[in-house]
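A.B. asks: Before I ask anything, let me first share the structure, which is written out below as structure tokens.
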């Protein structure tokens with residue numbers, strides 16, 4: 146038995162790229178409902194029904210190649226179809242009738258998203274901090290730290306000990322303020338270049354020195370424009386801004402178009 150897996154939604158009349166293969170090599174096709182069309186393929190019920198899917202989502206060996214294929218299908222669709230609302234991994238329906246009902250029932254919700262995404266793509270902007278360089282810059286440039294060290298040096302032993310205990314916390318506070326400045330510079334630069342930003346939540350101690358991650362909605366051909374986003378004033382303090390894309394607009398397919 147098979148189920149119907151949905152990758153993305155577009156306006157009726159949008160043609161699926163030829164010879165695109167979906168998850169587990171299923172052929173991607175278009176299913177129409179009302180004024181919308183869904184791009185779908187068939188998947189095995191034994192893997193994608195609710196109970197097995199919930200189990201498989203925690204199996205990275207099973208999940209990874211299928212999540213990659215989901216992304217590849219939507220990338221191929223985004224290159225050929227405009228506008229496009231990409232869906233998250235694991236959107237499955239019992240049959241074609243279920244897809245048709247979804248398209249008709251959610252048309253009032255999906256149509257404004259298509260309007261907002263016409264000609265647009267999603268870019269990912271990441272602010273990274275080299276902690277060693279950032280701390281070195283604080284040590285040399287922070288008046289607060291200089292004043293505290295001077296007080297420690299001039300204080301009697303007992304007082305110096307108490308002041309020293311607050312030094313590490315002061316460094317953390319100064320580093321947080323420095324992070325906020327670099328992130329603010331990135332936001333201002335990206336917005337000046339016409340991007341619409343959504344700040345993504347980060348897990349604590351995100352890897353690679355990442356201190357902020359943004360989804361940026363901009364024109365599909367705006368890569369050269371966005372690449373001019375500049376936080377060079379912060380580079381000497383250990384900060385860098387990285388940009389990747391264009392990607393299908395996953396985040397902006399789910400947030401309020403307004």
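In our numbering, the protein residues as written are 146 to 403.
Idealized CB from N, CA, C, for every residue including glycine.
1. Relative to the C-alpha of residue 147, which candidate in 175, 249, 185 has its C-alpha closest?
2. Pick helix, strand or coil for residue 129, following the three-state DSSP scheme.
3. Name the two residues that bound the continuous alpha helix (DSSP H) containing residue 213.
4. Do the stretch 269-288 and the stretch 374-384 meet, that is, are 3 or more Cβ pairs less than 8 Å apart?
5. Is the shortest distance between the beta-carbon of residue 236 and the beta-carbons of chain D less than 8 Å?
6. With DSSP as the reference, please indicate the residues paired to residue 280 in a beta bridge.
7. Taking 8 Å as the threshold (C-beta atoms), are residue 231 and residue 394 in contact?
8. Apart from the five residues on each side of it in sequence, which residues of its chain come closer than 6 Å, Cβ to Cβ, to residue 359?
9. Quick one: Cα of residue 139 to Cα of residue 181, how far?
10. Tell me, please, whether the stretch 320-336 touches the stretch 224-243 by the rule of three or more beta-carbon pairs shorter than 8 Å.
11. When burial is assigned at 16 or more other CB atoms within 10 Å of the CB, is residue 247 buried or exposed?
12. DSSP beta-bridge partners for residue 363?
13. Are at least three pairs of beta-carbons, each pair with one atom in the stretch 219-236 and one in the stretch 248-261, less than 8 Å apart?
14. Here's the rule I'm using: 16 or more other beta-carbon atoms within 10 Å means buried, otherwise exposed. How should residue 348 be labelled?
15. Leaving out the 5 sequence neighbours to the left and right, which residues in its chain are closer than 6 Å to residue 225 when beta-carbon positions are compared?
16. Measure the CB-CB distance between residue 183 and residue 151 and report whether it falls below 8 Å.
17. Going by beta-carbon coordinates alone, are residue 268 and residue 371 separated by less than 8 Å?
18. Check residue 376 in the structure and name its three-state DSSP category.
19. Whole angstroms is fine: what's the gap from residue 378's alpha carbon to residue 335's?
20. Going by C-alpha to C-alpha distance, which of 156, 168, 177 sits closest to residue 212?
21. Report the residue from 155, 329, 364 whose alpha carbon sits nearest the alpha carbon of residue 404.
22. In the DSSP output, what is residue 271 paired with across the bridge?
23. If you follow the alpha helix (DSSP H) that residue 195 is in, where does it begin and where does it stop?
24. Going straight from the alpha carbon of residue 173 to that of residue 281, what length do you get?
25. Is it true that the CB of residue 364 sits closer than 8 Å to the CB of residue 265?
26. Note the first and the last residue of the continuous alpha helix (DSSP H) segment covering residue 249.
C.D. replies: Here's the rundown:
1. 185
2. This structure gives no information on residue 129, because the portion of the chain shown stretches from 146 to 403.
3. DSSP places residue 213 inside the alpha helix (DSSP H), whose first and last residues are 205-225.
4. With a cut-off of 8 Å, the stretch 374-384 and the stretch 269-288 count as touching, because enough Cβ pairs lie within range.
5. As a matter of chain content, chain D is missing from the structure shown, which is built from one protein chain.
6. The partner list for residue 280 (beta bridge, DSSP) is empty, contrary to what the question assumes.
7. yes
8. 270, 342, 344
9. Because the chain in this structure spans residues 146 to 403, residue 139 falls outside the shown range and cannot be described.
10. Two segments are said to touch when three or more pairs of C-beta atoms, one from each, lie closer than 8 Å; by this definition the stretch 320-336 does not touch the stretch 224-243.
11. buried
12. When beta bridges are read from the DSSP output, residue 363 appears opposite 266.
13. yes
14. exposed
15. For residue 225, the CB contacts under 6 Å within the same chain, skipping 5 residues up- and downstream, are 162 in chain order.
16. yes
17. Yes, they are a contact pair.
18. coil
19. 15 Å
20. When each option's Cα is compared against that of residue 212, the closest is 168.
21. With the chain running from 146 to 403 in the structure shown, residue 404 is simply not present.
22. 358, 387
23. 195-201
24. 54 Å
25. The criterion of a C-beta distance shorter than 8 Å is satisfied by residue 265 and residue 364.
26. 241-250
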